[in-house]
Every structure is written in structure tokens, then in C-alpha cells.
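Trainee:
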Amino acid sequence: MIVEAEAIYIGLAVVFGLFMAWGIGANDVANAMATSVGSKVLTIRSAVLVAAVFEFAGAVLAGGAVTSTIRKGIVDSSLLVDQPELLIYGMLASLLAAGVWLLIASKRGWPVSTTHSIVGAIVGFAAVGIGMEAVKWAKVGTIVMSWVVSPLTAGIIAYMIFSSVQYLVLEREDPLERARRYVPFYMFLAGFTIALVTIFKGLTHVGLDLTRAQSYATAAGIGLVIAIIGKIFISRIKVDPDAERAFHYATVERVFGVLMVVTACGMAFAHGSNDVANSIGPVAAVVAIASSGSVGASAAVPMWVLLVGGVGIVIGLATYGHKVIATVGHGITHLTPSRGFAAELAAASTIVVASGTGLPISTTHTLVGAVLGVGIARGIAAIDLRVVRSILMSWIITIPAGATLSIVFFYGLRALLG
Amino acid sequence: MVSGYNISGIFGRSPVAPLQQHMAKVRECAAELVPFVQAVLAQDADGILQHRGRIEVLEDEADELKKQVRLHLPNSLFMPVARTDLLEILRVQDRIANRAKDVSGLMVGRRMVLPEVFGPGFLQLVERALATVLQAERSINELDELFETGFRGREVDAVQRMIEELSTLESETDSIQIKLRESLFKVEDTLPPVNVMFFYRIVDLTGELADMALRVGARLLLLLAK
Numbered sequence: 005m006i007v008e009a010e011a012i013y014i015g016l017a018v019v020f021g022l023f024m025a026w027g028i029g030a031n032d033v034a035n036a037m038a039t040s041v042g043s044k045v046l047t048i049r050s051a052v053l054v055a056a057v058f059e060f061a062g063a064v065l066a067g068g069a070v071t072s073t074i075r076k077g078i079v080d081s082s083l084l085v086d087q088p089e090l091l092i093y094g095m096l097a098s099l100l101a102a103g104v105w106l107l108i109a110s111k112r113g114w115p116v117s118t119t120h121s122i123v124g125a126i127v128g129f130a131a132v133g134i135g136m137e138a139v140k141w142a143k144v145g146t147i148v149m150s151w152v153v154s155p156l157t158a159g160i161i162a163y164m165i166f167s168s169v170q171y172l173v174l175e176r177e178d179p180l181e182r183a184r185r186y187v188p189f190y191m192f193l194a195g196f197t198i199a200l201v202t203i204f205k206g207l208t209h210v211g212l213d214l215t216r217a218q219s220y221a222t223a224a225g226i227g228l229v230i231a232i233i234g235k236i237f238i239s240r241i242k243v244d245p246d247a248e249r250a251f252h253y254a255t256v257e258r259v260f261g262v263l264m265v266v267t268a269c270g271m272a273f274a275h276g277s278n279d280v281a282n283s284i285g286p287v288a289a290v291v292a293i294a295s296s297g298s299v300g301a302s303a304a305v306p307m308w309v310l311l312v313g314g315v316g317i318v319i320g321l322a323t324y325g326h327k328v329i330a331t332v333g334h335g336i337t338h339l340t341p342s343r344g345f346a347a348e349l350a351a352a353s354t355i356v357v358a359s360g361t362g363l364p365i366s367t368t369h370t371l372v373g374a375v376l377g378v379g380i381a382r383g384i385a386a387i388d389l390r391v392v393r394s395i396l397m398s399w400i401i402t403i404p405a406g407a408t409l410s411i412v413f414f415y416g417l418r419a420l421l422g
Numbered sequence: 003m004v005s006g007y008n009i010s011g012i013f014g015r016s017p018v019a020p021l022q023q024h025m026a027k028v029r030e031c032a033a034e035l036v037p038f039v040q041a042v043l044a045q046d047a048d049g050i051l052q053h054r055g056r057i058e059v060l061e062d063e064a065d066e067l068k069k070q071v072r073l074h075l076p077n078s079l080f081m082p083v084a085r086t087d088l089l090e091i092l093r094v095q096d097r098i099a100n101r102a103k104d105v106s107g108l109m110v111g112r113r114m115v116l117p118e119v120f121g122p123g124f125l126q127l128v129e130r131a132l133a134t135v136l137q138a139e140r141s142i143n144e145l146d147e148l149f150e151t152g153f154r155g156r157e158v159d160a161v162q163r164m165i166e167e168l169s170t171l172e173s174e175t176d177s178i179q180i181k182l183r184e185s186l187f188k189v190e191d192t193l194p195p196v197n198v199m200f201f202y203r204i205v206d207l208t209g210e211l212a213d214m215a216l217r218v219g220a221r222l223l224l225l226l227a228k
């Protein structure tokens, strides 16, 4: 019966996967791009363009590891050898649950995490629909731990990056000269880190197979190219005496603005590698089971499935996301590029490293951790801890919500399709 | 809350610009004292009322700004400086405007006519006091640069120099006050005693105005010390 229903299952998975990816593009991307728009480095139009290109690239190039964690890391499929369709219903239910929960939360204005919704949903259907023993609790424990560790790590990295900016540039007698000199190094760092992690994770699925030395060389090359292009743009920045009189660091900040374009791309790439992969994992699971008829198949994630995620996110951006980016970006005032870049660079590297190890972490929470890190280095004029608390609370609420919805959908789908 | 689903909400409104706007308003209010005292010296009744009116309006506006700043500084804000220190700066700034209002109010209320031995000296005191207020405003205008550098390095040195300058200006008002009291003491037997009492009083109040300006700087130094 699996083979007959194959087309229906795959069709539903693609539709639900697109739905969730659309939701991510429509809403979640705004969080990744908002800091750049808020510090007036990117216009809305260019933010949407950067997001579309780099989210897509992140999902396709670096989304594989998280995809496979979601696909087969949480549920112990060996218990389901006799009933592979249960796993299909579950994955479909999880996609629908996460998508619906994202939609409800966005309408209500609650800060929720796509990652937490999908992990909660999968754990929910597996634990209740199949049985407690069907959940790989050790792996789930690791994932939950990573939700605590990733904002902390990003916070510490952001603290160190911003402190280095203070020491190298801001507190000196000649901050502008120093900014022109050191900003290309940070650009190199951003390009090198993200490229290296992406290459190490493996690009075999796009036909690239590099040795260790080649990987380092390629990453360094990418970093260098970015730094050189950045240096050209920086050398073109002229001092605006009027702006300088009102605020002595106006030109320094414009130099950091060039750097922030780079970290904004990195942030979109990281978000694509992590969050888009969340919506694609269950699709990949359904496709693998439906087309092979068994749960044991260890086929690689097909390229077209990754493309579905990339396309979904771009549609989400085009239809609705640009409005949300505008709203969120305008809400952020007083975040200057010298801070914004530090937070983005720290968050993007943390997320890409986590994605590389297959851990689905929350982009928003990691970015919030990074912002707090800059704040602790006395970098941000005012952080509203009430809002930070409400974002942290959403961790706790989203998991049972995703789980409950997915349990309901699981029984519903089983009754309908079974 | 509309901004719930995004991270823009975590960036609170920076207290810097509102604090600077309040200081600008306070300086405007204190600056009106100079034409006001000139009008008193010229015994120009219209001018006196007009400048007195301006001072009252500006003091009200400063009060309103003060309330706004307080409303936007909830204690859930995490800032590079202590919230209480910022509120204290705000309070001291506001007292400068209050003193300007007290001095002008007292002079109008008692329909003061300043004797030749006292009047020009008092105008000089008011001008000097205003110079301290201007210097305090200059220091407060460095707050955005201080936030930018994270309260470290050359900007801290620059602000410290400004506050030393402020301190010098304030001691000049002190010595003018001493001279004024001396000259007043020499002639006080020839003047109506109640009037003399209030001449001493407006000298004290103007001195306090300069003192408040210095205290704005001292509070700013406290921010740097952390």
C-alpha cells in the first residue's frame, strides 16, 4: 500500500514542507535580517535580496546535517519496520503542526522558534503516537542542551569580538584610521569561518570533494576575496564633516557598515543552513520511506528536497517577509554597525558550527545571546530584559504546543489516510 | 505586544538623546535669566514680564521632558550605566531650571530694583553661572560618544577635561559671589533691611544654579568611574 500511496505522501510532504518554509521566509527571516536593516546598513529591498540569495545558498549547501538529524535522529525508526506508514503520518503531522504553530504565533505576535516547534512536534507524535521508547531521548537531550549552550557561546564570542573592536579601534586616538585598517580583518574572519565550516561539513552533494588542506586553502581564499572587495569599498568612504560634528564616530560607523553587509550575508546563510533544514528534514524522511517502502533506507537527502526548502523560503520572503523585515528593522533604533556586526558575526559562526554538527538550534535565541554579549561589554545603550524574558519563555511554551498539535494531526492523518 | 515575534523589542530606547534634549531645554531656560536681569536693571517692566514668562514656559517644558525620560527608563532596562545614575543626572539637570525660575520669581514677586553697587555685579554672576550651565551641556552632549566607545579610552579623557573646565568655571562664580556679598555688606545699613535680605537670597540661588551645573558634571564622572 505504501507504493500505491507514494505519490500522495510525497505530494503532501512537499506541500506541507513548502508551507513551513513559507512561514520561515515570511516571519523568521526577519529576525536574522532585522539587525542589519535596523542599523541602516541595508535597505529593505537589499535585505530581501541578500536574504533570498544567502538563505537559499545556506539551505542547499549547508542544510544537509540538520536535515538528517530531524529526519532520523529523533525517532528510533527500527521500531517501525513493520509500520513505515506511521512514520510518514508522524512526519507529515509534525510539518503541519510546526507550520500551523508558526502561523498562530506570528498572528498573535508571540516570539517562537521554528526549531523548537519542529523538534517538539516530532517528539510529541513519537512519544504519544508510537510510544515513549520510540524517542531517542539521549539525542533529544543533546538537542535541548544545545539550546542552552548556543546562546551562551554566541554571547561569549560576541563579547570577545566587541571587546576587541573597543581595544583596536574605538578607544584609540585615531579610530577612523584604525577602523579602515582592521575592518578587512574581521571580514576575512567572517568569510573564512563560514566557508570553512560549510566545506568541512561536506559539499559532496554539489560535486565538491576537498582534502583538508584544500578546504583550508579554499576558505582562506574566500575570506581574502571578501576582505579585498571590502577594502575597496572602505577606501571609497569619505569623511562627512557635518555628520562628524554631530557625532564624532559617524564615519567610523560607516566603515563598520561595510563589514555589516558581509555579516548580514553570513547571518542569512547560517539561518538558511539551520532553519530551512528544519522544514526539509521531515520532507526528506517521507520521501525516503515512501520511495523505498522501508524505514531503514539510508539514502542521502535528494537535492530537489533541499531546493523545495530554498524555494519555499524565497516565496515567503517575496509574499510577506519583506513587510515583516521592514517592521522589525524599524523597531531597532540605536544599534550601530560596530555593535550589529559583532552580534551577527558571533551568532552566524555559532549557528553554522552547530549546523555542521547537525544540531538544530534556534537562530533567534542565538542572536539574542549574541546581543546580550555585546550589551555586557557595555556596547548597547539599552536592552529591555522584559522582552528577553518573553523570548526565553517562548522556548518553554513552544515545545508542548508543537507536540500537542502534532499528536492531534497524527491521529487525524492516520484516520484519514490509513 | 506587536513586536513580540521579533527581536526588535529587545533594543530599548536609548536614554541618551532624551537626556540631552532635557539638558538643552534647561540651558535655554537658564539663558533667559540674562536678558531678564538686564531688563530688571533697565527697569523695563514689559521686558521683565516677557522674559519671566519665557522662563516659566521653558521650565514647564523641561518638567514635561523629565517625565518623558523617566517613563522610558523602566527598571527592566539593561544599560552600560546604572539607571539610578542617569535618573540622578536628570534630577540635577532639572534643578537648574528650577533655580532659574526661583531667582526670576523672587525678583518679580518683590518688584526688585537693584541698587547701583549691586546690580552690575549680579548680572556678571548670572552670566558666569550661565557659562557653567553651557559647559555642563557640552559634557552631556558627549554622552553619545561615551556610549559609542563603551566608556573607555580617549573619549573618557576628553570628558574628564571638560568637567575640569566646568569645575574652574564654577569656582569663578564662587569668587564673584564672595565679592558681591562683601560689597553688599558695606552698604547694607543704607538699604531697606528686608530688601537686603532678598538680595543675599538671589545671590545664593544663582550660586546654587551654578552648583547644580557642576553637579551634573560630577554625576557624569561617576558614570565614567564604573
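Protein chains in written order, with our numbering: chain A, 5 to 422; chain B, 3 to 228. Here a beta-carbon is modelled for each residue, glycine too, at the ideal position from N, C-alpha and C.
What is the residue span of the alpha helix (DSSP H) that A/Arg382 lies within?
Mentor: Along the first sequence, read from residue 1 onward, the residue named residue 382 of chain A stands at position 378. Where A/Arg382 is concerned, there is no enclosing alpha helix (DSSP H), given that its DSSP letter is neither H nor E.
Trainee: Give me the Cα-Cα distance between B/Leu132 and B/Pro37, rounded to the nearest whole angstrom.
Mentor: Locating residue 132 of chain B in the second sequence gives position 130, where the first residue counts as 1. Locating residue 37 of chain B in the second sequence gives position 35, where the first residue counts as 1. Near 12 Å, if we compare the C-alpha coordinates of B/Pro37 and B/Leu132.
Trainee: Looking at the structure shown, is A/Leu212 part of a helix, part of a strand, or coil, going by DSSP?
Mentor: On the first sequence, residue 212 of chain A is found 208 positions in, with the first residue counted as 1. Reduced to three states, the DSSP call for A/Leu212 is coil.
Trainee: Starting from A/Phe189, follow its DSSP beta bridges and name the residues at the other end.
Mentor: Sequence index remark: in the first sequence, residue 189 of chain A carries index 185 (1-based). Answer by DSSP bridge pairing: none, since A/Phe189 is not bridged.
Trainee: Output, in sequence order along the chain, the residues in the stretch 156 to 184 of chain A whose CB is closer than 7 Å to any CB in chain B.
Mentor: Residues passing the 7 Å Cβ filter: Gln170, Leu174, Glu175, Arg176, Glu177.
Trainee: Going along chain B in order, which residues have a C-beta closer than 7 Å to the C-beta of A/Ala405?
Mentor: The residue labelled residue 405 of chain A in the question sits at position 401 within the first sequence. Near A/Ala405 there are no residues of chain B at all, since even the closest Cβ is about 14 Å away, more than 7 Å.
Trainee: Enumerate, from N- to C-terminal direction, the unbroken alpha helix (DSSP H) stretches of 4 or more residues contained entirely within the stretch 140 to 191 of chain B.
Mentor: 145 to 151, 156 to 189
Trainee: Kindly identify the DSSP beta-bridge partner or partners of A/Val139.
Mentor: The residue you call residue 139 of chain A lines up with position 135 of the first sequence. Paired residue(s): A/Val79.
Trainee: Determine, using beta carbons only, whether B/Pro17 comes closer than 8 Å to chain A.
Mentor: As a working mapping, residue 17 of chain B is identified with position 15 in the second sequence. Yes - at least one Cβ of chain A is within 8 Å of the one on B/Pro17.
Trainee: For a test of the three-state rule: what should DSSP assign to A/Phe60, helix, strand or coil?
Mentor: Counted from its first residue, the first sequence places residue 60 of chain A at position 56. Here A/Phe60 sits in helix by DSSP.
Trainee: Here's the rule I'm using: 16 or more other beta-carbon atoms within 10 Å means buried, otherwise exposed. How should A/Asn35 be labelled?
Mentor: Position 31 of the first sequence, counted from the first residue, corresponds to residue 35 of chain A. It counts as buried.
Trainee: In chain order, what residues of the stretch 306 to 337 of chain A put their CB closer than 8 Å to some CB of chain B?
Mentor: Within the stretch 306 to 337 of chain A, the residues whose Cβ lies closer than 8 Å to some Cβ of chain B are Val328, Thr331, Val332, Gly333, His334, Gly335, Ile336, Thr337, listed in chain order.
Trainee: In chain order, what residues of the stretch 59 to 93 of chain B put their CB closer than 7 Å to some CB of chain A?
Mentor: For the stretch 59 to 93 of chain B, the set of residues with a beta-carbon nearer than 7 Å to any beta-carbon of chain A comprises Ser78, Leu79, Phe80, Met81, Pro82, in chain order.
Trainee: CB-CB under 6 Å to A/Ala289, same chain, minus the five flanking residues each way: which ones, in chain order?
Mentor: Residue 289 of chain A sits at position 285 when you count from the first residue of the first sequence. Closer than 6 Å at the Cβ level, and outside the excluded window around A/Ala289, lie Arg75, Met95.
Trainee: Below 7 Å between beta carbons is the criterion; list the residues of the stretch 149 to 173 of chain B that meet it against any residue of chain A, in chain order.
Mentor: Of all residues in the stretch 149 to 173 of chain B, Phe149, Glu150, Thr151, Gly152, Phe153, Arg154, Gly155, Arg156 have a Cβ within less than 7 Å of some Cβ in chain A.
Trainee: Comparing alpha-carbon positions, which option in B/Ser16, B/Gly14, B/Phe13, B/Lys27 lies nearest B/Glu139?
Mentor: For the purposes of this step, residue 139 of chain B is taken as the residue at position 137 of the second sequence. When only C-alpha atoms are compared, the closest one is B/Lys27.
Trainee: DSSP state of A/Leu46, grouped into three classes?
Mentor: Locating residue 46 of chain A in the first sequence gives position 42, counting from the first residue. Residue state, collapsed to three classes: coil.
Trainee: Taking only beta-carbon atoms, is A/Arg390 less than 8 Å away from chain B?
Mentor: Taking the first residue of the first sequence as 1, we reach residue 390 of chain A at position 386. Contact with chain B is found for A/Arg390, since one of that chain's Cβ atoms lies less than 8 Å from the residue's Cβ.
Trainee: Taking C-beta pairs closer than 7 Å, name the residues in chain A that B/Gly14 reaches, listed in chain order.
Mentor: Position 12 of the second sequence, counting from 1, holds the residue named residue 14 of chain B. For the C-beta of B/Gly14, the chain A residues within less than 7 Å are, from N- to C-terminus, Ala386, Ile387, Asp388.
Trainee: May I have the straight-line CA-CA distance separating B/Pro17 from A/Val173, to the nearest angstrom?
Mentor: Counting from one through the second sequence, the residue named residue 17 of chain B turns up at place 15. Counting from one through the first sequence, the residue named residue 173 of chain A turns up at place 169. B/Pro17 and A/Val173: Cα-Cα distance of roughly 24 Å.
Trainee: Would you say B/Leu148 touches the ligand NAD, meaning its beta carbon is less than 7 Å from a heavy atom?
Mentor: Ligands in the displayed structure: none, and consequently the ligand NAD is not present.
Trainee: Hey, A/Gly313 and A/Gly21: beta-carbon distance below 8 Å or not?
Mentor: Taking the first residue of the first sequence as position 1, residue 313 of chain A is located at position 309. Taking the first residue of the first sequence as position 1, residue 21 of chain A is located at position 17. Contact: yes.
Trainee: In the DSSP assignment, find the alpha helix (DSSP H) that holds B/Asn100 and state where it starts and stops.
Mentor: By one-based count along the second sequence, residue 100 of chain B stands at place 98. Counting along the chain, the alpha helix (DSSP H) containing B/Asn100 begins and ends at 85 to 111.
Trainee: Within 10 angstroms of its Cβ, does B/Leu225 collect 16 or more other Cβ (buried), or is it exposed?
Mentor: In the second sequence, counting from the first residue as 1, residue 225 of chain B sits at position 223. In the assembly as shown, B/Leu225 is a buried residue. Its beta-carbon has 16 or more other beta-carbons within 10 Å.
Trainee: Could you work out which residue in A/Arg390, A/Leu91, A/Ala61 is closest to A/Val79 when comparing CA atoms only?
Mentor: Within the first sequence, the letter at position 75 stands for residue 79 of chain A. Taking the Cα of A/Val79 as reference, the smallest distance to any Cα among A/Arg390, A/Leu91, A/Ala61 is reached at A/Leu91.
Trainee: Check the C-beta distance from A/Gly145 over to A/Ala407 and give it rounded, since I have them as a contact under 8 Å.
Mentor: As a position in the first sequence, residue 145 of chain A is number 141, starting the count at 1. As a position in the first sequence, residue 407 of chain A is number 403, starting the count at 1. That belief does not hold up - the Cβ atoms of A/Gly145 and A/Ala407 are roughly 16 Å apart, past 8 Å.
Trainee: Nearest-angstrom Cα distance between B/Leu216 and B/Tyr202?
Mentor: Start at 1 with the first residue of the second sequence, and residue 216 of chain B comes out as number 214. Start at 1 with the first residue of the second sequence, and residue 202 of chain B comes out as number 200. Going by the C-alpha atoms only, they are around 21 Å apart.
Trainee: Can you check whether the CB of A/Met191 is closer than 8 Å to the CB of A/Val259?
Mentor: The residue you call residue 259 of chain A lines up with position 255 of the first sequence. The residue you call residue 191 of chain A lines up with position 187 of the first sequence. No, they are not a contact pair.
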